[in-house]
């Protein structure tokens, strides 16, 4: 259950990050959206990929 909640949180962070980047205008003011969007995206993606690799290593 804990893994499912963490995966859901990670996917939510990734989704919010992507949404902020796509909502950003391509101007200097868009940096207000780009920086937190990329930070949230990476905050969700990095642990997700680490967990995926750990599960792959356990299966071997």
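Residue numbers (the working numbering): 45 to 104.
For every residue, glycine included, the Cβ atom is placed at its ideal position computed from N, Cα and C.
Taking Cβ to Cβ, would you say residue i is nearer than 8 Å to residue j?
i, j, result
"residue 78", "residue 87", "no"
"residue 82", "residue 63", "no"
"residue 89", "residue 58", "yes"
Any idea what DSSP makes of residue i, helix, strand or coil?
i, result
"residue 51", "helix"
"residue 96", "helix"
"residue 87", "helix"
Below 8 Å on the Cβ atoms is my contact criterion, and I expect residue i with residue j to pass it. Report the Cβ-Cβ distance as a whole number of Å.
i, j, result
"residue 54", "residue 91", "6 Å"
Apart from the five residues just before and just after residue i, which ones in its own chain have a Cβ nearer than 6 Å to its Cβ?
i, result
"residue 76", "none"
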